[in-house]
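In this text, residue positions in the sequence shown follow the working numbering: the first is 19, and each later residue adds one. For every residue, glycine included, the Cβ atom is placed at its ideal position computed from N, Cα and C. What follows is a single structure, written as structure tokens, with notes after it.
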Amino acid sequence: MPPDDGSLSDEEWLRRALDAARARDLVRDRLETLAASDGGDGDEFDRNVDDDASRAIVRGGDAPASVDRAAATAFGGWIPCDADADRTLLVDNYDSYTYNLYHLIAAVDGAPPVVVRNDAIAWHQLEPALRAGHFGRVVLSPGPGTPDRSDDVGICADVLSNAVDVPVLGVCLGHQALATAHGGVVGRAPVPMHGRLHVLVHDDSPLFAGIPSGGGTGEGGEGGSFVVTRYHSLAVDAASLPECLIPCAWTERGGGDGGGVPSNESATNAEIEDAGGVVMALRHRDRPHYGVQFHPESVCSRFGERLYRNFAAIAKAHNEGGSRTRPTEGVAGVMAPRGIDPAIVCIAPDAPTNATTGGFATVDGDGKTRLMWMRLPGALASTPGGSEALFWRLFGGDDAGAELNDPRARTIAAKDTFWLDSATASVAGQCPRSRFSFMGGRGGGLWRRLVYALPRPERESARAKAAARRAAEGAAARAGDDDAPRDPPIVSLSDEKNDGSDAGVDDLPFDFRCGFVGYLGYEMRAECDSPAPRHYSPVPDAALYFADRAVAVDHSNDDVYLLALEAEGDARSWMAETERTVLALGSFDATKANKGDKQTGSASHTNEAAYAYEGGFTFRRDRDEYVGDVQACQRAIDRGETYEVCLTNELRRTVGELSLGAGGDGEVGGSIPAPRAPDPATLYSVLRRTNPAPYAAFLCFGGCDFGGAPDNSSAVSSDVTSDNSSDPLADVVAVCCSSPERFLRLSAGGVLEAKPIKGTAPRVQPLGCDADVAEASKLATSVKDRAENLMIVDLLRNDLGRVCVPGTVSVPGLMKIESYASVHQLVSTVQGTKRGGVPTAACVAAAFPPGSMTGAPKFRTVEIIDTLEPGPRGVYSGSVGYISVPRKSGDGAFDLNVVIRTAVVKPGLRGGGVWVGSGGAITALSDPVGEWEEMTLKARAVLRAIRACDEAASGTV
19 MPPDDGSLSD
29 EEWLRRALDA
39 ARARDLVRDR
49 LETLAASDGG
59 DGDEFDRNVD
69 DDASRAIVRG
79 GDAPASVDRA
89 AATAFGGWIP
99 CDADADRTLL
109 VDNYDSYTYN
119 LYHLIAAVDG
129 APPVVVRNDA
139 IAWHQLEPAL
149 RAGHFGRVVL
159 SPGPGTPDRS
169 DDVGICADVL
179 SNAVDVPVLG
189 VCLGHQALAT
199 AHGGVVGRAP
209 VPMHGRLHVL
219 VHDDSPLFAG
229 IPSGGGTGEG
239 GEGGSFVVTR
249 YHSLAVDAAS
259 LPECLIPCAW
269 TERGGGDGGG
279 VPSNESATNA
289 EIEDAGGVVM
299 ALRHRDRPHY
309 GVQFHPESVC
319 SRFGERLYRN
329 FAAIAKAHNE
339 GGSRTRPTEG
349 VAGVMAPRGI
359 DPAIVCIAPD
369 APTNATTGGF
379 ATVDGDGKTR
389 LMWMRLPGAL
399 ASTPGGSEAL
409 FWRLFGGDDA
419 GAELNDPRAR
429 TIAAKDTFWL
439 DSATASVAGQ
449 CPRSRFSFMG
459 GRGGGLWRRL
469 VYALPRPERE
479 SARAKAAARR
489 AAEGAAARAG
499 DDDAPRDPPI
509 VSLSDEKNDG
519 SDAGVDDLPF
529 DFRCGFVGYL
539 GYEMRAECDS
549 PAPRHYSPVP
559 DAALYFADRA
569 VAVDHSNDDV
579 YLLALEAEGD
589 ARSWMAETER
599 TVLALGSFDA
609 TKANKGDKQT
619 GSASHTNEAA
629 YAYEGGFTFR
639 RDRDEYVGDV
649 QACQRAIDRG
659 ETYEVCLTNE
669 LRRTVGELSL
679 GAGGDGEVGG
689 SIPAPRAPDP
699 ATLYSVLRRT
709 NPAPYAAFLC
719 FGGCDFGGAP
729 DNSSAVSSDV
739 TSDNSSDPLA
749 DVVAVCCSSP
759 ERFLRLSAGG
769 VLEAKPIKGT
779 APRVQPLGCD
789 ADVAEASKLA
799 TSVKDRAENL
809 MIVDLLRNDL
819 GRVCVPGTVS
829 VPGLMKIESY
839 ASVHQLVSTV
849 QGTKRGGVPT
859 AACVAAAFPP
869 GSMTGAPKFR
879 TVEIIDTLEP
889 GPRGVYSGSV
899 GYISVPRKSG
909 DGAFDLNVVI
919 RTAVVKPGLR
929 GGGVWVGSGG
939 AITALSDPVG
949 EWEEMTLKAR
959 AVLRAIRACD
969 EAASGTV
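This is the structure in structure tokens:
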């Protein structure tokens with residue numbers, strides 16, 4: 019039986035289309051590989067230096083592509099017969115909005131397009147498939163750079179010059195490439211427009227049929243203004259256009275930001291009231307070629323689907339009435355996009371499982387693994403100190419009545435523990451985002467620790483070639499295999515399987531079923547669709563536990579759940595002992611602590627202007643350097659290299675440095691000796707009270723003494739310390755996180771959700787006063803902040819679109835104000851339904867690193883960041899959370915945050931220190947000095963907590 023078309027990846031589909039063309043004598047038998055036609059091995063950096071700044075652009079074989087470079091030359095296979103093979107080819111110009119176009123096209127065509135990156139195939143290999151009619155039309159995506167640079171447009175230039183009879187629609191960069199292909203000039207736009215809205219007028223040509231022109235209603239059109247989203251710094255010079263190219267849409271005078279979004283001090287009236295007349299669309303006089311400068315796929319663009327539907331109708335009429343060769347063989351059906359991993363067939367999501375009832379249930383399996391759980395109704399309500407006391411009592415060695423005189427005693431006892439802490443449950447009442455907390459420590463026979471450092475390029479040893487290292491302990495430890503290669507964590511996350519049924523487990527009100535808990539550092543982007551890092555972290559790039567024991571807290575009703583994943587019946591004794599401990603906590607003297615989680619300390623507010631410099635911290639880049647880098651980002655934006663750059667800085671203090679006073683701009687005074695880094699356990703206790711957040715976390719990993727060597731040498735995990743063997747915390751890395759931002763969540767029902775934050779304003783004391791409300795209102799209407807947020811929302815729609823069912827990606831919440839202890843934030847929500855068969859790890863990899871910490875387009879922007887930031891980000895800008903053991907009926911759920919508002923601590927007596935990352939999104943509207951101030955504002959909450967620990971340790975409080 020020939021394979022069903024639904025089982026073919028885009029790569030295979032394209033192979034067979036090309037093979038069919040060759041079989042019909044439409045192409046010579048070419049055996050050259052695409053890599054050879056590229057003229058290089060693709061491993062070099064092409065460095066383009068101008069008078070503003072240098073940028074490194076990764077090109078070649080190491081850059082993941084939607085279609086393998088050599089795929090098109092591997093002729094062979096069978097093509098199912100189909101009378102109407104009418105697919106769209108979508109050329110990806112390394113943009114972060116391509117898969118938004120993908121979903122728009124799929125909605126209109128009824129089948130997703132085939133996606134190929136602009137450098138993944140040569141023209142002599144694509145041309146036969148176009149000439150044979152295997153693609154009904156071609157769409158050229160947006161992208162960074164300029165159409166004058168061949169590296170930026172790749173095969174798009176060949177398509178526009180040579181595919182004279184193929185319907186083509188260019189978007190943004192594709193539109194500009196249409197102009198330059200025929201001799202037009204593309205130069206700087208009057209004003210850079212990124213994430214900005216504008217009203218357009220058009221000439222009522224067929225591409226705009228049924229779409230209103232300007233603020234009115236065109237003939238047969240829908241009501242309302244023709245408002246579109248713009249992401250561009252370059253524009254077509256109308257005066258340079260040849261006679262064959264006809265402008266057909268322009269910006270409307272006074273139509274900036276949709277004519278309805280208020281301005282602020284960051285956007286001048288001249289910018290908002292764009293003079294009008296900027297060319298927004300082109301059509302070729304004789305060819306079926308069109309271009310639009312705006313982004314019809316943006317969530318804020320109106321009539322985007324209508325515009326593409328018009329283009330599809332134009333293409334169909336041209337193909338049916340023209341002389342194009344139509345295929346006698348083709349491929350039909352729904353194709354999944356190729357993303358990070360081999361393409362996954364697009365099928366319906368798994369059907370939900372049936373739930374059973376019961377407060378205690380087991381998953382009856384085949385004897386390999388099963389989940390046991392127990393609910394202790396209302397147990398937290400009678401626990402003095404709430405979930406914090408519960409955590410330290412169960413996992414931190416905080417015995418009742420014990421006097422802990424050593425400030426590091428709790429951290430020593432809490433080595434290899436985790437606490438995913440929804441601290442806002444204490445202050446926000448019924449908040450679904452902060453309902454559950456999860457905690458645990460060293461567990462049973464399945465527990466293990468995985469600590470991973472990326473291979474360093476300077477040393478290629480057997481250990482460096484191994485993709486990962488597992489610091490395994492307990493029953494999972496295997497003696498004698500230290501040199502055995504391991505998969506990196508982002509691949510290993512889906513390895514653990516639940517071999518039993520789902521009976522009884524569906525009664526749990528949360529998705530965590532034990533599994534992986536820990537962090538993925540920012541540099542783990544190397545395992546995803548991202549350039550390899552130029553800097554390496556001093557702490558492990560990833561650290562995870564496989565937690566086979568956990569305690570969950572439901573903050574809505576104070577229920578406590580005990581979870582145990584067992585292999586051979588060893589979990590029952592742990593559950594019984596833990597139950598006794600939890601219930602015994604209720605007998606403590608309630609006068610010694612607050613009951614439950616109903617009260618939380620508030621942040622102190624003294625001289626906040628000094629917080630950025632206090633505590634003996636030094637900035638990786640001082641104010642002048644940071645402001646200079648902001649300006650460099652804006653020059654890159656002005657050149658069209660990026661839309662938005664998330665630029666960050668690092669504050670660090672190594673052991674022996676401490677100051678409780680602050681002078682002027684960067685001047686530090688009042689130093690006192692500091693024999694050790696802040697105690698992580700104490701620091702987190704302070705942080706969760708002074709800056710509660712829904713995605714807070716405390717992680718305390720042992721086995722991290724190898725870390726990421728500063729000399730970029732290769733590093734492997736070890737449980738043996740040498741120089742610091744007498745220090746029990748020498749190998750510890752602790753993460754004290756108070757993040758308000760969700761990166762990505764996958765529910766057990768298959769729904770992916772991201773909650774990006776872009777836009778920050780300070781709170782004003784007393785909270786809720788008129789001035790505080792005014793700050794929130796100002797943020798809600800800020801053109802700059804709304805543009806930042808929109809750019810990341812569209813980026814995350816793209817990232818989710820790579821792994822979601824076409825048509826399911828939506829934005830149920832756009833730019834909503836959420837207020838926390840120290841700041842107001844502008845928050846959006848993006849959701850989509852995961853395609854059946856897509857692995858859990860592929861969902862994470864498709865969106866990692868978080869787009870709110872990179873900017874867009876992600877690939878090019880990460881390269882720009884690497885040229886500007888002089889060191890690694892480490893844990894900061896990465897993600898903390900869990901990836902659950904999957905149910906038998908499907909993949910595991912996960913919930914991951916964005917690591918911001920976080921201190922990373924190495925508490926060892928030698929080589930220790932504390933690191934705090936902070937940053938902000940840089941756009942064309944950014945004020946460089948204001949960005950420095952925003953960066954320091956975001957760091958203050960963590961610095962205040964560190965200061966409190968310092969003062970307590972020095973006896974000044």
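Given residue i as reference, the closest of the options once Cα atoms are compared
i	options	result
Pro146	Ala939, Ser548, Asn180	Asn180
Tyr112	Ser548, Ser800, Phe456, Ser223	Ser548
Glu836	Pro784, Glu887, Arg671, Ile775	Ile775
Ser944	Asp656, Ala748, Phe528	Asp656
Gly154	Pro185, Gly461, Tyr894	Pro185
Arg167	Met833, Val203, Ala397, Arg590	Val203
Val177	Asp169, Gly192, Gly163, Cys651	Gly192
Cys755	Ala711, Val535, Asp745, Gly777	Ala711
Thr442	Arg598, Ala714, Lys834	Ala714
Trp465	His553, Leu472, Arg567	Arg567
Exposed unless 16 or more other CB atoms sit within 10 angstroms - verdict on residue i
i	result
Val76	Because Val76 carries a pLDDT of 25, less than 50, the predicted location of this residue cannot be relied on, and the following value inherits that uncertainty. Result: buried.
Thr872	buried
Phe877	buried
Val182	exposed
Ser243	buried
Leu961	buried
Asp723	buried
Ser972	exposed
Cys787	exposed
Asn118	buried
Val947	exposed
Asp642	exposed
Gly24	Confidence is the limiting factor: at Gly24 the pLDDT is only 42, short of 50, which leaves the residue's position unreliable and the question unanswerable from this model.
Leu785	exposed
Ser982	Past the edges of the chain, shown from 19 to 975, lies residue 982, and the structure says nothing about it.
Residue range of the beta strand (DSSP E) that includes residue i
i	result
Asn667	662-672
Phe761	760-764
Ile901	897-902
Arg466	466-470
Val134	132-135
Asp913	912-915
Terminal residues of the alpha helix (DSSP H) in which residue i lies
i	result
Met953	946-972
Gly404	404-413
Arg706	698-708
His142	141-149
Asp642	641-656
Leu225	Note, Leu225: premise wrong, no alpha helix (DSSP H); not H, not E.
Cys861	858-865
Integer-rounded CB distance, given that residue j should sit under 8 Å from residue i
i	j	result
Glu806	Glu595	Actually they are not in contact, since the Cβ atoms of Glu806 and Glu595 sit about 50 Å apart, beyond 8 Å.
Val821	Val769	That pair is no contact at about 12 Å.
Val898	Val753	6 Å
Ser895	Val917	6 Å
Gly188	Gly322	15 Å between Cβ atoms; not a contact.
Val296	Pro208	7 Å
Trp437	Phe716	4 Å
Residue-level contact to chain D via CB, residue i, 8 Å cutoff
i	result
Cys262	Among the protein chains of the structure shown there is no chain D, as only one such chain exists.
Complete runs of the alpha helix (DSSP H) confined to the stretch 784-840 [at least 4 residues]:
788-798, 801-819
What are the complete beta strand (DSSP E) segments, minimum 3 residues, inside the stretch 532-615?
533-538, 560-565, 567-572, 577-584
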